[in-house]
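Residue numbers (the working numbering): 1 to 1156. Even for Gly, the Cβ is constructed at its ideal location relative to N, Cα and C.
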Amino acid sequence: MKKFNFRKVLDGLTASSPGSGSNTGSGAGSGPGHPAGTAGLLREEIQETLTSDYFQLCKTVRHGFPYQPTALAFDPVQKILAIGTRTGAIRILGRPGVDCYCQHESGAAVLQLQFLINEGALVSASSDDTLHLWNLRQKRPAILHSLKFNRERITYCHLPFQSKWLYVGTERGNTHIVNIESFILSGYVIMWNKAIELSTKTHPGPVVHLSDSPRDEGKLLIGYENGTVVLWDLKSKRAELRVYYDEAIHSIDWHHEGKQFMCSHSDGSLTLWNLKSPSRPFQTTIPHGKSQREGRKSESCKPILKVEYKTCRNSEPFIIFSGGLSYDKACRRPSLTIMHGKAITVLEMDHPIVEFLTLCETPYPNEFQEPYAVVVLLEKDLIVVDLTQSNFPIFENPYPMDIHESPVTCTAYFADCPPDLILVLYSIGVKHKKQGYSNKEWPISGGAWNLGTQTYPEIIITGHADGSVKFWDASAITLQMLYKLKTSKVFEKQKVGEGKQTCEIVEEDPYAIQMIYWCPESRILCVSGVSAYVIIYKFSRHEITREIVSLEVRLQYDVEDIITPETETSPPFPDLSSQLPSRSLSGSTNTVASEGVAKDSIPCLSVKTRPVRMPPGYQAELVIQLVWVDGEPPQQITSLSVSSAYGIVAFGNCNGLAVVDFMQKTVLLSMGTVDFYRSSDLYQRQPRSPRKNKQFIAGLTELNDSPVPLELERCKSPTADHVNGHCTSPTSQSCGSGKRLSSADVTKINRWGGRPPFRKAQSAACMEISFPVTTEEIRENSYNRSRSSSISSIDKDSKEAITALYFMESFARKNDSTISPCLFVGTSLGMVLIISLNLPSTDEQRFTEPVMVLPSGTLLSLKGAVLTFSCMDRTGGLMQPPYEVWRDPNNIDENEKSWRRKLVVNSPSASQEIGDHQYTIICSEKQAKVFSLPSQTCLYVHSITETSFILQADVVVMCNSACLACFCANGHIMIMSLPSLRPMLDVNYLPLTDMRIARTFCFTNEGQALYLVSPTEIQRVTYSQDMCDHLQDMLGDLFTPIETPEAQNRGFLKGLFGGSGQTFDREELFGEASAGRASRSLAQHIPGPGGIEGVKGAAGGVLGELTRARIALDERGQRLGELEEKTAGMMTSAEAFSKHAHELMLKYKDKKWYQF
């Protein structure tokens, strides 16, 4: 019988509710739903303050090591470093906090980088044969000019110090010259056939080196790949000197006096050439070659890819090179060799060397270089070697370049966390830092940075494939390592041949972290691993030695598909007990599995049984492991939640749910998913056969031609369900509270057909995203999801995974008058169950009396797999789950009174009126719903997506108001207000191209989010308009005004005999007046967006106008000064001319014509 509420009639609304134990889980819409129940007055009670003006999406900063680096450059005056990558990205680094990321729009790989030293500009050469000029005088660099070569490929670039002419070498062997100011190609070209001798019949190969002589800037040294070196006289346009060697050249470097240069070759040799005797090398050495008898050539070695020849005033020169090792040492790692006098030091690297640069005291090439450090860019690391100490220590890197030390498998992000946490974690982590670093300051110290306006603390947690967990300080858009935890230390090391039971679950990395749950207030950390284990950690400042407590949970369940040819022969109410025999899921004694006997009750990893020393920091409290069942390994964990206030941890997978009391170290509940629907106070449900009911797609997709909407397929009350199209009545079963319950154990339909790859299920257990590869598949469905190899298409529909868990003080049953501890459980089929937790009333009883766990009978439903839960009070304030205030568990100085547990519980606001006091927000991969409790009325429904699915959703706080943030598989980031679910923001930001993004994307409070943009980099984004407005103030300045150091006094003799380099005028030689214009078809000039308009957009408003006005005034003043000087000179000349003319007039004034 339908009942009507008078308040609904007043509001012009109608709704129905079944008589007993009902809930309104239905109601769907394509936009923010209208109330589906009695919510008119409740809606008016909450005044939502958030509007769309509060939201804007933009990238903030990128952390980590540049992925796939290719190029390196350093400005010795500004002291900033630039790194180019294969994906067209450029990272510019200075002092800690100065870290800038910019990207070429083409995405072409960066071949080479050249700083305009102390000019605030950078030239990049990319693999699409384009040169770009970047303006670094703004916080976000922009391209000022681009020049694309159409007929030749760029191989090498060189920009002399304090010059505006860039030399560009090409694959054809030609050398072109580009004006940096206008980015226009000069008509001056050095053709390869003019550089080599006419008698040479072969092409010299691409240009591999360009540099001007330190002694004479009018001489250009050109190195060709085949071993030819030409010293070209720019004025006379001819080759002054040619050098030939029978081994290919990789690099060249000058002696600072300009009389010698050194070449590195492909046979591992170094040749030193003197300009006075170019016929043969002055010296030839193979540093790592075996010494041979006299008259015999030394044994060849691997190529020396680069060499640098740096001189010192008070010591022998440094010769630094990469490569050149002997071929018979194939197992040796990549190395950097430093030769200083007779000493040879080989520094072995962990990764291949991409590039290195020697940092010197002076930017002038014709002075003693005085090297003090070497920057070595590796494929996966950046290190700086201190050359001022004899043992060559490395500098401690202040940048977070080791995020990928082990591959990142999951992330967690916490903004506005307790302020003391960062200091506490750092004080513990600093004790475990590596020693042996150089005691000097980090040499890359350019730029300027301040804290800005953002002051709240932020912490990022990363889980890794080796089982480590890292805590990072992410405050003020920086990233600094705080603390590292190795979870693998709780397990015994696996010996060779003993890892078979683990490798059947994962191919490698058995300790990989899969999920992280952290409570900042109680400092409890819980992690789940790929080998089906859960570890609970508590934080302590004191060291302790104790045994690690472990529990084993038997949680394995498969539903046998019931296939009946004729539907009529199937009874409407089948007896599940006859088809699903029960088996105890409680842990049992381990049985040794021999060959031919199925493994049973064996965990994947072995926990250490001896006492373990635990240093200060996070210490293992409890290890929970799922065990094998009848030869089948446990399924990976798909959901995890911990309550420090209740002392309970809950986790689930595609087989069921486990609830463990980590205070008493007991298993409270271990139940298969299907058992929830046939337990006490719940309806009985038989697994459906997908062959009979094709319209049922379990939490993955919904067929468009389905005659019955998915929402209507769900049961409307906890006492009814649709089984094969029929409505069944409940079957009463006794459920022993606080005991381990039973689950069915039937013959397997599908065995493990292979090793499923490691992944974190996003919306259902053992699921991954399958990207469409054919147009036919795209037409069939806009997206597709497939199970892993452990579940077949038949078994897929009967598997119901636990995808979301949430502890909260709430109303467990419909129309409850008081709140109680509850556990919200969400499944991959969109079902939401509430489990009631009956806890002992006092602290003393909590450690002795059992905790009662009882399904409440409440059942709610949504479309798609459930992703997240949250609760709000009736005033619209976000309710935080209860937590225990942290205290040190190992502090023996505390008295008994202080050992009492301090709990913080945020209960709904008390009211004398009868009505709802709490809102529950539930978001699935398809829609979001807001329920009013305890009436369980569905107030709002919002269908977020129909053609895609949500990967990540979270309820966050923004400007002291709650909102729902979602990241969709189609790349959209959406924000909705709460509780009305009004769309605030919808931006097509990032199409899902890699499962890494889906696995690591996470939202947090204050408009922050992050994801792993590459295997080595974290990208942070903000959806806050306020932060976007102040982001410019938070970023570091790449350019700071610094006076260029003065050149050393060369002395009279050096100035007289040291060449004519100081009087060389490149403008006169390369300018359009003398050299003409280059062919238009050779290169195309492309104006960039980073010109004066780019500066205006970056600086913005009045500041930009003032900057341009100041620049214009400076330029005008400079021009006026030059004009004044020219005018003064002309006046002086005029006065001299007038004087001479007057004297001449007086001389010949009185003379007759015949006297001349």
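Backbone secondary structure at residue i - three-state DSSP
{"i": "E852", "result": "First, the residue type needs correcting, since residue 852 is Met and not Glu in the sequence shown. If DSSP states are grouped into helix, strand and coil, M852 belongs with the strands."}
{"i": "E925", "result": "coil"}
{"i": "H942", "result": "strand"}
{"i": "C1028", "result": "helix"}
{"i": "L1146", "result": "helix"}
{"i": "I548", "result": "coil"}
{"i": "S935", "result": "coil"}
{"i": "F807", "result": "strand"}
{"i": "S127", "result": "coil"}
{"i": "T175", "result": "strand"}
{"i": "A801", "result": "coil"}
{"i": "K489", "result": "helix"}
{"i": "S742", "result": "Below a pLDDT of 50, predicted positions are generally treated as unreliable, and S742, at 33, falls in that range; the measurement from the model is reported next regardless. In this structure, S742 counts as strand in the three-state DSSP scheme."}
{"i": "M1034", "result": "helix"}
{"i": "H404", "result": "coil"}
{"i": "Y156", "result": "strand"}
Extent of the continuous alpha helix (DSSP H) run through residue i
{"i": "R846", "result": "843-846"}
{"i": "Q428", "result": "A quick correction: the sequence has Ile, not Gln, at residue 428. Residues 420-429."}
{"i": "T1000", "result": "995-1000"}
{"i": "A195", "result": "192-195"}
{"i": "V1073", "result": "It is worth fixing the name first, because residue 1073 is Ala in this sequence and not Val. From DSSP, the alpha helix (DSSP H) with A1073 extends over 1072-1075."}
Distance CB(residue i)-CB(residue j) smaller than 8 Å
{"i": "S124", "j": "I90", "result": "yes"}
{"i": "T411", "j": "I344", "result": "no"}
{"i": "T285", "j": "Y245", "result": "no"}
{"i": "F318", "j": "H340", "result": "yes"}
{"i": "N815", "j": "P934", "result": "yes"}
{"i": "K302", "j": "G324", "result": "yes"}
{"i": "A620", "j": "V490", "result": "yes"}
{"i": "L862", "j": "S924", "result": "yes"}
{"i": "S810", "j": "I819", "result": "yes"}
{"i": "S601", "j": "I524", "result": "no"}
{"i": "M349", "j": "V376", "result": "yes"}
{"i": "W273", "j": "C263", "result": "yes"}
{"i": "Y537", "j": "Y618", "result": "yes"}
{"i": "D75", "j": "G446", "result": "yes"}
Limits of the beta strand (DSSP E) - the one that residue i falls within
{"i": "F471", "result": "468-473"}
{"i": "H464", "result": "458-464"}
{"i": "N226", "result": "No beta strand (DSSP E) holds N226; DSSP gives it neither H nor E."}
{"i": "Q138", "result": "Premise fails: Q138 is in no beta strand (DSSP E) and is neither H nor E."}
{"i": "W165", "result": "165-170"}
{"i": "A1083", "result": "1083-1087"}
{"i": "Y413", "result": "408-415"}
{"i": "V385", "result": "382-386"}
{"i": "D212", "result": "207-212"}
{"i": "P371", "result": "371-378"}
{"i": "V527", "result": "524-529"}
{"i": "H972", "result": "972-977"}
Complete runs of the beta strand (DSSP E) confined to the stretch 594-660 [at least 3 residues]: 612-614, 617-626, 639-643, 648-652
3-residue-minimum beta strand (DSSP E) runs that sit fully inside the stretch 328-355, ordered along the chain: 335-340, 343-348
Length at least 3, wholly inside the stretch 229-268: the beta strand (DSSP E) runs in chain order: 238-244, 249-254, 260-265
Cβ contact (3+ pairs, closer than 8 Å) linking the stretch 986-996 and the stretch 392-405: no
Whole alpha helix (DSSP H) elements within the stretch 39-117, 4-residue minimum: 40-45
3 or more residues per run - each beta strand (DSSP E) lying fully within the stretch 809-841: 820-827, 831-838
Segment contact, 8 Å Cβ cut-off, at least three pairs: the stretch 829-836 with the stretch 936-951: no
Contact the stretch 650-668 vs the stretch 608-619: 3+ CB pairs below 8 Å: Three or more Cβ pairs closer than 8 Å define a contact, and the stretch 650-668 falls short of that threshold against the stretch 608-619.
contact_flag[the stretch 422-439, the stretch 1021-1035] where n(CB pairs < 8 Å) is 3 or more: no
Given 8 Å, three or more beta-carbon pairs between the stretch 511-529 and the stretch 400-419: yes
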